[in-house]
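A short write-up of the structure that comes next.
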């Protein structure tokens, strides 16, 4: 079920979509790595200094991770599901009996797109909170 026969840089719609999803997953993984790596570094600094604020700051780090990781994973899951469903099922089974499931791809795309926009806001707020925590760290002198 192809609406338009458009080529992107010599790739078909499915091939270009696969490349776009791979780049998307890579960028989301890099965002997750940022929070994992900075959280580990902050934890080491807090352990070394053992100040009175260490526990409070560590709880903030854990709450940020608890806020952002499920959102990122849900976005990746929705986008991956859309790709697998559309190109794995709808496009390959385009006979009259199976075409009735094609309507699912448009709402799934809309849900994925809106959730990604929401996740961008969550990531931005989480980056700000993480930087604020880094500013609150005790000096290691």
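Residue numbers (the working numbering): 103 to 243. We put the beta carbon where it would ideally sit given N, CA and C, even for glycine.
| Query | Result |
| --- | --- |
| For residue 205, the first and last residue of its enclosing alpha helix (DSSP H) | No alpha helix (DSSP H) contains residue 205, which DSSP labels as neither H nor E. |
| Residue environment, residue 111, which counts as buried when at least 16 other CB atoms sit within 10 Å | exposed |
| Exposure of residue 237, with buried meaning 16 or more beta-carbon neighbours within 10 Å | exposed |
| Pick from 235, 209 and 171 that is closest to residue 222, judged by C-alpha positions | 171 |
| Cβ contact (3+ pairs, closer than 8 Å) linking the segment 178-190 and the segment 140-156 | no |
| Cα-Cα separation between residue 119 and residue 225, rounded to whole angstroms | 24 Å |
| Three-state class that DSSP yields for residue 110 in the structure shown | strand |
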